[in-house]
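Structure record follows, encoded as structure tokens.
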Amino acid sequence: MKDKAKGASLEEVHLALAGNPNSGKTSLFNHMTGARQKVGNWGGVTVEIKEGKAVHNGHLLKIIDLPGTYSLTAYSLEEIVARDYILNGNPQVVIDVIDSTNLERNMYLAVQLLEMERPLVFAFNMSDELKKKGIKINIDKLGKLLGVPIVPTVGRSGGGIQDLLGSAVRVAEGRSSTSRPVRIIYGNEIEEEIEKILDLIEAPCNSIHVPARWLAIKLLENDPEAVKIAESSGNAAALVQQVETSGKHLEDIFGEDITTVISEQRYGFIHGALHEAVDYEVIEKTHSSDDIDRFVTHPFFAYLIFIAMMWLLFQATFKLGAYPVHWIEFSFAWLGDTVRTVMPPGDFQSLLVDGVISGVGAVAAFLPNILILFLGISLLEDVGYMARAAFIMDKIMHKMGLHGKSFIPLLMGIGCSVPAIMAARTLNSRADRIITVLITPLISCSARLPIYVLFAGAFFPDHAGNIIFLMYVLSFSFAFLVGILFRKTLFRQEAFPFVMELPPYRIPTIRSVLIHMWEKGKHYVQKMGGVVLVFSILLWFLGAYPKNTFTGMQGDSERIETISRQQEPGALAHTYIGRFGRSIEPVFRPLGFDWKMSVSLLTGFVAKEIVVSSMGVLYNAGQEETEISEESTALRHALKANYSPLQGFAFLLFVLLYTPCLVALLTMVRELKSVKWSVFGVSYQVMLAWIVAFVTYQGGLLLGLG
Amino acid sequence: MRKLSECREGDRIKIIRIKGESTFRRRLLEMGFTKGSALRIVKYAPLKDPMEVEIKGYRLSLRVREAEMLEVDDINER
């Protein structure tokens, strides 16, 4: 990147970065390409394949950042993605980023890459820490032994990157003197069987595109993807038959399954190579990491520290974030008012103000929370605290069918479901991620609070605080119960072992933390902005048309106060949302809700707090006051006059559970990358809300509480 | 011979056998839990589950129920 492009004829070299989680791969990638990307101390942060460009010595480099994996089996999505790219994405060179302070385990992936027979370079990362740990690596010797050039690098500072890229280019051009094919020999018995399988793979009737020896070994390991390749080959029957006989034969000889034997042989090869080229000096260890850990996972202090960290994260995200959120809302409100005064009233003005401006405002208002939350999460991850938090919380969370790390999304859900759902990305098993995303909207977000305040104030003025507290207790109880239910029913099969690396504590680089925060914000605006805008305009339309009065229902999700008093009470009832709300009233009748409640609930899909203003509009309660808010006495009186406390309570329960709001739903779709699961998420919530409200209302009637 | 889950903090042991279904065994093998590998129990989490172990020079956590699948033995001091 520091080299100037020389002339126009740049030759493109295609590189792929592979490596274990926590090997510093992503931070090397950032230094190479300058791409805005995340460095994590947590396993599997890089889920998607990322691409970047760099220029080195007159070569244009296309660099792919593969998901961080410990292995290349076909048992996790990340591994399949990485493996598939190496085999079929045609990278000219694969750079394996290896944590050189943790060589033995990191080399396991390296050995599998050797077997895939792709041109390789090893980046021995974190080489600055070697001396401190008393590890001396004879890099030339090890490189020659493995037939792969090795370059020491330092991910934090970017040291060694130019050498690494230079080496990769030499390998790509076939000019490396170190590169040579090296084969892991599995001993006579296994080699004989490999030969037999190889004969069939290499038979003239086959045109298999993957390396033959690699395929043979994978077949012995009973790798499902390899079996698929074999089954579609020209002599599938013979091949599959041979693999089966070989497997049985070898199992008889070794007395255990071949996967175990092959894995152990690989580790044996690694052990042998490292024994030749690496010296481990016994150093009087002063584990500063252990000293920190003594506090962080201390039986008592652990939870104090954890609570303090979570409190800080929450306060920073939502309390500190509230200031910029207010500025944003204020600016958009001002902009809307300005347009209103400048432009003649009419449909177009309404579209612009209530549809477009408030829609963009709604998108922008989430941004501060998202940025701060991810700044915090990224700091906690890079420091290494996140893994410890999961470690101390896992027992509790596991009881609820969740992972130790699910705690953070659920906690953040108290503030807002949108950043909370995004935070579920830090979970690495898909089952954990889906369950967490599905139950996060059950946690009562801050937008639901105005509704509680209004209803609790109207029906239970003496116990309003208790009722609101009860809502939060119920919210967490439902989230955990549903979590257990989903784990027991939908994801029974996926018993993902909790083998989680606990990386040493590291001081994060400001750069990587900022890059991560920036990435999240950019991602949110790019991927969500347009969709939210379109849906906001659509909902505004449904809530404003057809018109039979002067002004329409304001589709604004953020500003309750803008529902002005000249609003005709009948207007909302005649809009599409109003009509739909009235038509589905029979569905709500068993819950004790009338059409006004049902219309308000529908408008609450835009944003929960809208329920309050809709009720206000429908009860024409804005007349005496300038603004409708949850504190409005007129509205409270109207509610008290029209509904029983039981109806009010059933309504509260329904509001607590019924659906994520529009933006939360769109975030779910993005994060789950599945419309099916998102639809399921909304459906189960609506059903749960209906059932709970039904049981409460009808049960209450039976008990004579109506 | 005993289970890994029966070991105490600070115990140094070696792996004899991993039981359980193949995906689980495979995962552990990849993480370096090969036969004969030395293991140190660093500590248990405050609620006694999961546990932290050191293997091949790095640390990782395992749930106690998973640790039950590992048969281990003391390292013979020679």
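Here the protein sequences come in this chain order: A and B.
Quick note: to get our numbering, add 45 to the position in the first sequence (first position is 1).
Quick note: to get our numbering, add 74 to the position in the second sequence (first position is 1).
We put the CB at the ideal spot given by N, CA and C, even for glycine.
**Request:** Return the bridge partner residues of P10 (chain A) from the DSSP annotation.
**Result:** In the structure as shown, chain A starts at 46 and stops at 751, and residue 10 (chain A) therefore has no counterpart that could be examined.
**Prompt:** Hey, quick one: how far does the alpha helix (DSSP H) through K533 (chain A) stretch, first residue to last?
**Reply:** As a working mapping, residue 533 (chain A) is identified with position 488 in the first sequence. That run of the alpha helix (DSSP H) goes A509 to T534.
**Prompt:** Tell me which same chain residues have a C-beta within less than 7 Å of the C-beta of A709 (chain A), skipping the five on either side of it?
**Reply:** On the first sequence, residue 709 (chain A) is found 664 positions in, with the first residue counted as 1. Closer than 7 Å at the Cβ level, and outside the excluded window around A709 (chain A), lie S462, V463, I466 and P486.
**Request:** Could you tell me whether any Cβ in chain B is nearer than 7 Å to the Cβ of N151 (chain A)?
**Result:** By one-based count along the first sequence, residue 151 (chain A) stands at place 106. No, N151 (chain A) lies away from the interface with chain B (no Cβ there is under 7 Å from its Cβ).
**Message:** Check this for me: beta carbons of T78 (chain A) and G97 (chain A), under 7 Å apart or not?
**Reply:** As a position in the first sequence, residue 78 (chain A) is number 33, starting the count at 1. As a position in the first sequence, residue 97 (chain A) is number 52, starting the count at 1. Yes, Cβ-Cβ distance for T78 (chain A) and G97 (chain A) is below 7 Å.
**Which of helix, strand or coil DSSP assigns to Y664 (chain A)** = Locating residue 664 (chain A) in the first sequence gives position 619, where the first residue counts as 1. Coil, per DSSP.
**Request:** Report the neighbours of I437 (chain A) on chain B: residues whose CB is nearer than 9 Å to its CB, in chain order.
**Result:** Counted from its first residue, the first sequence places residue 437 (chain A) at position 392. The answer, in chain order, is A119, P120 and L121.
**Asked** Hey, is the segment 261 to 276 of chain A in contact with the segment 287 to 305 of chain A, meaning 3+ C-beta pairs nearer than 8 Å?
**Response** At 8 Å Cβ cutoff, the stretches touch.
**Asked** Can at least three beta-carbon pairs, one atom from the segment 301 to 310 of chain A and one from the segment 100 to 109 of chain B, be found at a separation below 8 Å?
**Response** Yes, the segment 301 to 310 of chain A touches the segment 100 to 109 of chain B.
**Request:** For W87 (chain A), decide whether its Cβ has a neighbour in chain B, counting only Cβ atoms nearer than 7 Å.
**Result:** The residue given as residue 87 (chain A) occupies position 42 in the first sequence. At W87 (chain A) the pLDDT is 31, less than 50, meaning the model places this residue with poor confidence; the figure from the coordinates comes in the next sentence. False, the Cβ-Cβ gap to chain B never drops below 7 Å.
**Item:** First and last residue of the uninterrupted beta strand (DSSP E) at I87 (chain B)
**Value:** Within the second sequence, residue 87 (chain B) is the residue found at index 13, counting from 1. Run containing I87 (chain B): R86 to I92, per the beta strand (DSSP E) assignment.
**Asked** Hey, how far is the Cα of E326 (chain A) from the Cα of P249 (chain A)?
**Response** If you number the first sequence from 1, residue 326 (chain A) lands on position 281. If you number the first sequence from 1, residue 249 (chain A) lands on position 204. Going by C-alpha positions, E326 (chain A) is about 53 Å away from P249 (chain A).
**Message:** Please list, in chain order, the chain B residues whose beta carbon lies closer than 8 Å to that of D297 (chain A).
**Reply:** As a working mapping, residue 297 (chain A) is identified with position 252 in the first sequence. Neighbours of D297 (chain A) on chain B: none; closest Cβ ~18 Å, over 8 Å.
**Request:** Determine, using beta carbons only, whether M545 (chain A) comes closer than 7 Å to chain B.
**Result:** Here the question's residue 545 (chain A) lines up with position 500 in the first sequence. So yes, M545 (chain A) belongs to the interface.
**Message:** With distance defined between alpha-carbon atoms, name the residue in B:R91, B:R86 and B:K77 nearest to E301 (chain A).
**Reply:** In the first sequence, counting from the first residue as 1, residue 301 (chain A) sits at position 256. The shortest C-alpha separation from E301 (chain A) is found at B:R91.
**Test item: CB-CB of L60 (chain A) and I140 (chain A) under 7 Å** = Taking the first sequence and counting its residues from 1, one reaches residue 60 (chain A) at position 15. Taking the first sequence and counting its residues from 1, one reaches residue 140 (chain A) at position 95. Contact: yes.
**Asked** Would a check of beta-carbon distances place S79 (chain B) closer than 7 Å to chain A?
**Response** The residue you call residue 79 (chain B) lines up with position 5 of the second sequence. Taking Cβ atoms only, chain A never reaches closer than 7 Å to S79 (chain B), which makes this a no.
**Message:** Less than 6 Å between C-beta atoms, sequence neighbours within five positions excluded: which residues of the same chain meet that for S659 (chain A)?
**Reply:** The residue labelled residue 659 (chain A) in the question sits at position 614 within the first sequence. Contacts found: S645 and T648.
**Request:** Report the rounded CA-to-CA distance for R475 (chain A) versus A469 (chain A), giving the unit in angstroms.
**Result:** Within the first sequence, the letter at position 430 stands for residue 475 (chain A). Within the first sequence, the letter at position 424 stands for residue 469 (chain A). The alpha-carbon of R475 (chain A) is positioned some 10 Å away from that of A469 (chain A).
**Request:** Write down the C-beta distance between P755 (chain A) and V126 (chain A) rounded to the nearest angstrom, noting that I regard them as a contact closer than 8 Å.
**Result:** A query on residue 755 (chain A) cannot be resolved here, the shown segment of chain A reaching from 46 to 751 and no further.
**Asked** So what does DSSP say about L78 (chain B), is it helix, strand or coil?
**Response** Your numbering for residue 78 (chain B) matches position 4 in the second sequence. Three-state DSSP puts L78 (chain B) in a helix.
**Asked** Pick from B:R76, B:R82, B:K77 and B:R86: whose alpha carbon is nearest that of K130 (chain B)?
**Response** Here residue 130 (chain B) is taken as the residue at index 56 of the second sequence, counted from 1. Ranked by Cα distance from K130 (chain B), the options B:R76, B:R82, B:K77 and B:R86 are led by B:R86.
**Asked** Taking 7 Å as the CB-CB limit, is P542 (chain A) close to chain B?
**Response** The residue given as residue 542 (chain A) occupies position 497 in the first sequence. At a cut-off of 7 Å between beta carbons, P542 (chain A) contacts chain B.
**Asked** On the premise that L165 (chain A) lies in contact with L319 (chain A), defined as a C-beta separation below 8 Å, what is that separation, rounded to the nearest angstrom?
**Response** As a working mapping, residue 319 (chain A) is identified with position 274 in the first sequence. As a working mapping, residue 165 (chain A) is identified with position 120 in the first sequence. Not a contact, Cβ separation roughly 17 Å.
**Request:** Grab me the residues of P413 (chain A)'s own chain with a C-beta within less than 6 Å of its C-beta, minus the 5 sequence neighbours each way, in chain order.
**Result:** To locate residue 413 (chain A), count along the first sequence from 1; it is residue 368. Hits under 6 Å: G366, P369 and V370.
**Request:** On the DSSP bridge assignment, give the partners of I129 (chain B) in chain order.
**Result:** Taking the second sequence and counting its residues from 1, one reaches residue 129 (chain B) at position 55. I129 (chain B) is bridged to B:L113 and B:Y132.
**Item:** Between the CA atoms of L456 (chain A) and K117 (chain B) - distance to the nearest angstrom
**Value:** As a position in the second sequence, residue 117 (chain B) is number 43, starting the count at 1. As a position in the first sequence, residue 456 (chain A) is number 411, starting the count at 1. If you take the alpha carbons of K117 (chain B) and L456 (chain A), they lie about 27 Å apart.
**Item:** DSSP beta-bridge partners of G64 (chain A)
**Value:** To locate residue 64 (chain A), count along the first sequence from 1; it is residue 19. According to DSSP, G64 (chain A) bridges with A:V142.
**Prompt:** Between which two residues does the beta strand (DSSP E) carrying V100 (chain A) extend?
**Reply:** Counting from 1 along the first sequence, the entry for residue 100 (chain A) is found at position 55. Note, V100 (chain A): beta strand (DSSP E), K95 to H101.
**Asked** How big is the Cα-Cα spacing for R610 (chain A) and F359 (chain A)?
**Response** Walking along the first sequence from the start, residue 610 (chain A) turns up at place 565. Walking along the first sequence from the start, residue 359 (chain A) turns up at place 314. Note that R610 (chain A) scores 36 on pLDDT, short of 50, meaning its location in the model is unreliable; the coordinates nonetheless yield the value given after this. Pairing R610 (chain A) with F359 (chain A), the inter-Cα distance amounts to about 36 Å.
**Message:** Counting C-beta neighbours from all protein chains within 10 Å, is the total for R150 (chain A) 16 or more, i.e. buried, or is it exposed?
**Reply:** By 1-based counting over the first sequence, the position of residue 150 (chain A) is 105. Under this definition R150 (chain A) is a buried residue.
**Message:** Using 7 Å as the threshold, is the C-beta distance between I453 (chain A) and F531 (chain A) below it?
**Reply:** On the first sequence, position 408 is the one that residue 453 (chain A) refers to. On the first sequence, position 486 is the one that residue 531 (chain A) refers to. Not in contact: I453 (chain A) and F531 (chain A) (Cβ atoms no closer than 7 Å).
**Asked** Anyone know if the C-beta pair for F696 (chain A) and M642 (chain A) falls short of 7 Å?
**Response** To locate residue 696 (chain A), count along the first sequence from 1; it is residue 651. To locate residue 642 (chain A), count along the first sequence from 1; it is residue 597. Going by C-beta atoms, F696 (chain A) is nearer than 7 Å to M642 (chain A).
**Prompt:** Just how far apart, CA to CA, sit L210 (chain A) and I488 (chain A)?
**Reply:** In the first sequence, the residue the question calls residue 210 (chain A) occupies position 165. In the first sequence, the residue the question calls residue 488 (chain A) occupies position 443. Rounded to the nearest whole angstrom, the C-alpha separation of L210 (chain A) and I488 (chain A) is 48 Å.
**Asked** Does A347 (chain A) get closer than 7 Å to chain B when you measure Cβ to Cβ?
**Response** What you label residue 347 (chain A) is simply residue 302 of the first sequence in a count that begins at 1. It does; some Cβ of chain B falls within 7 Å.
**Prompt:** How long is the line joining the alpha carbons of F411 (chain A) and R385 (chain A), rounded to whole angstroms?
**Reply:** On the first sequence, position 366 is the one that residue 411 (chain A) refers to. On the first sequence, position 340 is the one that residue 385 (chain A) refers to. For F411 (chain A) and R385 (chain A), the distance between alpha carbons rounds to 24 Å.
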